[in-house]
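Data block below; observations after.
2 protein chains.
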Amino acid sequence: MSSLRVALCQINTVVGDLDGNVERIFAALAEAEAQSADLAVFPEMTITGYPPEDLLLKPGFVEENRRALERVAQRSGSTAVIVGFADGHPDVHNALAVCAHGAVVGTYHKRHLPNYQVFDEERYFRPGDEPMQLFEIGGVRVGVTICEDSWITGGPVAQLGAGGAQVVININGSPMYGGKMAVRAEMLHERANESGVPIVYVNLVGGQDELVFDGGSMVVDTAGEITARCAQFVEETLVVDVETPDGVPPTGVFPLVSVSGATDHGEALHPPMAPVADRLSELYDGLVLATRDYVHKNGFSTVCLGLSGGIDSTIVAVIGADALGPENVHGVLMPSRFSSDHSVTDAEALAERLGIHHRTIAIEPAHAAFLDMLAPSFEGREPNVTEENLQSRIRGNLLMALANKFGWLVLTTGNKSEAAVGYSTLYGDTAGAYACIKDVYKLTVYELARFVNEQRGTEVIPESVIVKPPSAELRPDQRDDQSLPPYDQLDPLLEAYIEGDATPSELIDQGFEAAMVNRITRLVDLSEFKRRQTPLGARVTRKGFGRDRRLPITNRFGR
Amino acid sequence: MSSLRVALCQINTVVGDLDGNVERIFAALAEAEAQSADLAVFPEMTITGYPPEDLLLKPGFVEENRRALERVAQRSGSTAVIVGFADGHPDVHNALAVCAHGAVVGTYHKRHLPNYQVFDEERYFRPGDEPMQLFEIGGVRVGVTICEDSWITGGPVAQLGAGGAQVVININGSPMYGGKMAVRAEMLHERANESGVPIVYVNLVGGQDELVFDGGSMVVDTAGEITARCAQFVEETLVVDVETPDGVPPTGVFPLVSVSGATDHGEALHPPMAPVADRLSELYDGLVLATRDYVHKNGFSTVCLGLSGGIDSTIVAVIGADALGPENVHGVLMPSRFSSDHSVTDAEALAERLGIHHRTIAIEPAHAAFLDMLAPSFEGREPNVTEENLQSRIRGNLLMALANKFGWLVLTTGNKSEAAVGYSTLYGDTAGAYACIKDVYKLTVYELARFVNEQRGTEVIPESVIVKPPSAELRPDQRDDQSLPPYDQLDPLLEAYIEGDATPSELIDQGFEAAMVNRITRLVDLSEFKRRQTPLGARVTRKGFGRDRRLPITNRFGR
Numbered sequence: 116m117s118s119l120r121v122a123l124c125q126i127n128t129v130v131g132d133l134d135g136n137v138e139r140i141f142a143a144l145a146e147a148e149a150q151s152a153d154l155a156v157f158p159e160m161t162i163t164g165y166p167p168e169d170l171l172l173k174p175g176f177v178e179e180n181r182r183a184l185e186r187v188a189q190r191s192g193s194t195a196v197i198v199g200f201a202d203g204h205p206d207v208h209n210a211l212a213v214c215a216h217g218a219v220v221g222t223y224h225k226r227h228l229p230n231y232q233v234f235d236e237e238r239y240f241r242p243g244d245e246p247m248q249l250f251e252i253g254g255v256r257v258g259v260t261i262c263e264d265s266w267i268t269g270g271p272v273a274q275l276g277a278g279g280a281q282v283v284i285n286i287n288g289s290p291m292y293g294g295k296m297a298v299r300a301e302m303l304h305e306r307a308n309e310s311g312v313p314i315v316y317v318n319l320v321g322g323q324d325e326l327v328f329d330g331g332s333m334v335v336d337t338a339g340e341i342t343a344r345c346a347q348f349v350e351e352t353l354v355v356d357v358e359t360p361d362g363v364p365p366t367g368v369f370p371l372v373s374v375s376g377a378t379d380h381g382e383a384l385h386p387p388m389a390p391v392a393d394r395l396s397e398l399y400d401g402l403v404l405a406t407r408d409y410v411h412k413n414g415f416s417t418v419c420l421g422l423s424g425g426i427d428s429t430i431v432a433v434i435g436a437d438a439l440g441p442e443n444v445h446g447v448l449m450p451s452r453f454s455s456d457h458s459v460t461d462a463e464a465l466a467e468r469l470g471i472h473h474r475t476i477a478i479e480p481a482h483a484a485f486l487d488m489l490a491p492s493f494e495g496r497e498p499n500v501t502e503e504n505l506q507s508r509i510r511g512n513l514l515m516a517l518a519n520k521f522g523w524l525v526l527t528t529g530n531k532s533e534a535a536v537g538y539s540t541l542y543g544d545t546a547g548a549y550a551c552i553k554d555v556y557k558l559t560v561y562e563l564a565r566f567v568n569e570q571r572g573t574e575v576i577p578e579s580v581i582v583k584p585p586s587a588e589l590r591p592d593q594r595d596d597q598s599l600p601p602y603d604q605l606d607p608l609l610e611a612y613i614e615g616d617a618t619p620s621e622l623i624d625q626g627f628e629a630a631m632v633n634r635i636t637r638l639v640d641l642s643e644f645k646r647r648q649t650p651l652g653a654r655v656t657r658k659g660f661g662r663d664r665r666l667p668i669t670n671r672f673g674r
Numbered sequence: 116m117s118s119l120r121v122a123l124c125q126i127n128t129v130v131g132d133l134d135g136n137v138e139r140i141f142a143a144l145a146e147a148e149a150q151s152a153d154l155a156v157f158p159e160m161t162i163t164g165y166p167p168e169d170l171l172l173k174p175g176f177v178e179e180n181r182r183a184l185e186r187v188a189q190r191s192g193s194t195a196v197i198v199g200f201a202d203g204h205p206d207v208h209n210a211l212a213v214c215a216h217g218a219v220v221g222t223y224h225k226r227h228l229p230n231y232q233v234f235d236e237e238r239y240f241r242p243g244d245e246p247m248q249l250f251e252i253g254g255v256r257v258g259v260t261i262c263e264d265s266w267i268t269g270g271p272v273a274q275l276g277a278g279g280a281q282v283v284i285n286i287n288g289s290p291m292y293g294g295k296m297a298v299r300a301e302m303l304h305e306r307a308n309e310s311g312v313p314i315v316y317v318n319l320v321g322g323q324d325e326l327v328f329d330g331g332s333m334v335v336d337t338a339g340e341i342t343a344r345c346a347q348f349v350e351e352t353l354v355v356d357v358e359t360p361d362g363v364p365p366t367g368v369f370p371l372v373s374v375s376g377a378t379d380h381g382e383a384l385h386p387p388m389a390p391v392a393d394r395l396s397e398l399y400d401g402l403v404l405a406t407r408d409y410v411h412k413n414g415f416s417t418v419c420l421g422l423s424g425g426i427d428s429t430i431v432a433v434i435g436a437d438a439l440g441p442e443n444v445h446g447v448l449m450p451s452r453f454s455s456d457h458s459v460t461d462a463e464a465l466a467e468r469l470g471i472h473h474r475t476i477a478i479e480p481a482h483a484a485f486l487d488m489l490a491p492s493f494e495g496r497e498p499n500v501t502e503e504n505l506q507s508r509i510r511g512n513l514l515m516a517l518a519n520k521f522g523w524l525v526l527t528t529g530n531k532s533e534a535a536v537g538y539s540t541l542y543g544d545t546a547g548a549y550a551c552i553k554d555v556y557k558l559t560v561y562e563l564a565r566f567v568n569e570q571r572g573t574e575v576i577p578e579s580v581i582v583k584p585p586s587a588e589l590r591p592d593q594r595d596d597q598s599l600p601p602y603d604q605l606d607p608l609l610e611a612y613i614e615g616d617a618t619p620s621e622l623i624d625q626g627f628e629a630a631m632v633n634r635i636t637r638l639v640d641l642s643e644f645k646r647r648q649t650p651l652g653a654r655v656t657r658k659g660f661g662r663d664r665r666l667p668i669t670n671r672f673g674r
């Protein structure tokens, strides 16, 4: 067996930060060079960050990205570099460049463009159709591909294998959802078996708006078994010797670009593999990274949030403290005439255990003022949800005022179950910059709370927060289950409707109770207008509310 | 010359309203039949409404649309019907069906799928690749196409012409922007000249979320001259005899489906052509239709809005009154300690001239309460934009409370210049359901105001509203030009940046002043987070804020 020393450069790029991304590339490249790597591999669209969306429609942006690529090429030496960039004008390609010895020695254009779920690549890119090439790096014939290319049976990976590649590189911008690591591993297993070559899969890490790129870069051998793996959710430059099959004849199907010959690296590098996180740990770490990156990449350091003593604001406070440090989190208790004693004591206990700042601003003066101001208009009308929304909006205003005055961001605390049925007040509890748990169903919020306490071996989250019946406390003795089915009935129905794309009549056929189906699906549809005006948040399931699910507001289907 | 009697059925469908759309088809079909039309032609995706977006990802939705199509087919008689629908499973096509004598006699799948600007058709549809057919209707060989198909030089229209079609039908869901009528006419002129056949272009009319379909259906003859045209912005069933070239031999290139033979219709129908509206009239009518359809299609009848006495809320009140009737519009004056006398008198004068309801709720009690509640937190800090936002948010809360209590929708009043630079308060003046003028630059708002007064021959809009310097009145003696360049400098820069997709350095090269470019483009980028949380509104330019312009919030380009 010959081998290729590859650095998996799992870096955290920032969209549009061309200079910054070049610096990040240089830093990882220096690590790769220090370990005498033959090749340093970076994630998809390294130069631009991913996904740059409509920045790609600006010809000047593509031009500046090309100049940034030239700087990377000039910096490259005997360690070859594979970086992603946007290539071409007026047709733009999702591309990678192979750089070495101060120059771009070859490029490749992504051939298969995802245009589903969160992806819109047909909007931006032309698929590549140039003949493929092989690159002789460290004496090994290397084939190159980008992301979706490796998901196609009989596609570019198989073709490169049949054409004499001894290893295939695949660079990615692959966002997480629960269980995605296993899906990727299975895909790579199939591709390696199909092509008979090892595959080096390098993924992006970091949060970009609603997307969470989890890293987890890996190498599979010719049998498809994983032989190296980076951790998820952290930047890492993992240098590993990839064993490549000897006796694969150069077929001559693809032109061979000579980059560098074989080097004797001495003892082989087989660093220990990062373990794969379990479901809740992965979810929690994803939420933390997404929150940290949204706040920091947008130039902020500090957040505030309303602390109600309920489970949702509690878990968001915990995530915020882990993401930003407890000293950068401000909890605000905003009790009303309807707040229970435990809502205040639970919130205070949490703040103290977490070590975050907290303050209390009772909303009664503004509440009373609004009711007086509206009294002439509301004369003769019974109190209804209007008065409940008022309280929530006063709280939203207070949080925004603090954020405006002190330069903080507001974290919102709604979960996916609430976002689905619109159990929230627009401009009230939905007001803020980042909705940390908007893609986490309520039952999973409870699981996360127990996970946090178990993981730390201490009751950071007061048990009373976990066991009390959920309530918005916007009227006397209010409880969620007065308005909604119990969450153990609601969440499965929501998942079948949202992730499962079922119609109401199909849900009834699946065994959900008809009246509940009609009521809940109607609530989900009617709440689309709210979701369009609420902040984005980490997408951690197969279908989040956001670019994943594009339903019209004006929509009478099923009604 | 032989001729074909065609009904251009320019109807206003509703997305997802399968049963309702079938009823709308039946009503127009009855009109077509009453005038002995050979063929009734409906807009793109008639059955589903357009665009149905992710409803198309629900197999059950496509199935139900197919059943609705069967009802249309069963209803069809000797007047053939062309309707748009979604065809196929699991691959879905943007399709049309030709129905006659109780059955579907043929289908066609759109071959060219737009996936740019506001369109995402690659997300939903497979392009058609079945062999094309001709339909003998009224003794004339008819070719059929869908929307984008007719924009392609040498595409389906030319192929059908070369293959013996005597007329080509093109069904559309084409949204407006200023000047689009002329662009369409030029395209049809080219296509007719290229193919040598007349073209029947039927467009959708109506508002669907941010899109405004303006209708303006037309017929061009073999020379590409317009011979029939529907009005814009109204439903219309226009029956016209389309003269078709004789002596075009049936080439046999395409199979011919026999539907109906020639009938003697007697005297030819050549109804007068609707005039093409001028720029401001078209814009105004588009805004009115969009607002009416958003409100009505979402099940509401009545709106409220804040009346500040400024030009923006004034024009929105006028639009609202025209869209919904003045009796369904409630203006709310919400003066503060900083409001000028003229802001109140101007708003009252407007309300009275329009005949809309109005009421006054002074915000001082809530304003004072919030300042008191925040005083301990804000101790030692100077007043800044925080206190200004607070007033705007109190107003937003009041409007939402009225809307919640009385079942109204809130219209927001921000213009495109403000939306661009974020000169607005999130959850304050941006709070509401529909942003009528969000795609209208400030200078155009002034033009619209003068247009309204001229058109009515009376000063509906008080002259003082038009001539006073714009101000948010959130601090003493505030004026927009303290924060922003004058609008005659700002608007052209914004247009070059937004519609023109220029980079900051390109804008400087174009002659815009460097400091202004850097400051304003930065404001536009930083305001992306606000735009994501503001209501949708009518898109009336070539690039609106919405599905047209998809920029990341986390974005360091140019910074």
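Chains A and B, in that order, give the protein sequences.
For the first sequence, the positions run 116 to 674 when our numbering is used.
For the second sequence, the positions run 116 to 674 when our numbering is used.
All residues carry an ideal CB built from backbone N, CA and C; glycine is no exception.
Model, not experiment: these values are computed from the prediction.
Whole-Å CB distance - residue i paired with residue j, under 8 Å assumed
| i | j | result |
| --- | --- | --- |
| residue 260 of chain A | residue 313 of chain A | Not a contact, Cβ separation roughly 13 Å. |
| residue 225 of chain A | residue 246 of chain A | Actually they do not touch by this definition, with Cβ atoms about 15 Å apart. |
| residue 282 of chain B | residue 357 of chain B | 6 Å |
| residue 355 of chain B | residue 123 of chain B | 7 Å |
| residue 469 of chain B | residue 438 of chain B | Not quite, the Cβ-Cβ distance comes to about 12 Å (not below 8 Å), so this is no contact. |
Exposure label - residue i; buried when at least 16 CB within 10 Å
| i | result |
| --- | --- |
| residue 332 of chain A | buried |
| residue 216 of chain B | exposed |
| residue 308 of chain B | exposed |
| residue 200 of chain A | buried |
| residue 169 of chain A | buried |
| residue 189 of chain A | exposed |
CB contact below 8 Å: residue i versus chain A
| i | result |
| --- | --- |
| residue 476 of chain B | yes |
| residue 316 of chain B | no |
| residue 185 of chain B | no |
| residue 172 of chain B | yes |
| residue 448 of chain B | no |
| residue 572 of chain B | no |
| residue 650 of chain B | yes |
| residue 231 of chain B | yes |
| residue 520 of chain B | yes |
Min CB distance residue i to chain B below 8 Å
| i | result |
| --- | --- |
| residue 664 of chain A | yes |
| residue 305 of chain A | no |
| residue 412 of chain A | yes |
| residue 516 of chain A | yes |
| residue 443 of chain A | no |
| residue 463 of chain A | no |
Residue(s) in a DSSP beta bridge with residue i
| i | result |
| --- | --- |
| residue 373 of chain B | B:251 |
| residue 575 of chain A | In DSSP, residue 575 of chain A forms no bridge with anything. |
Given a limit of 8 Å on CB to CB distance, which residues of the region 393-407 of chain A reach chain B?
none
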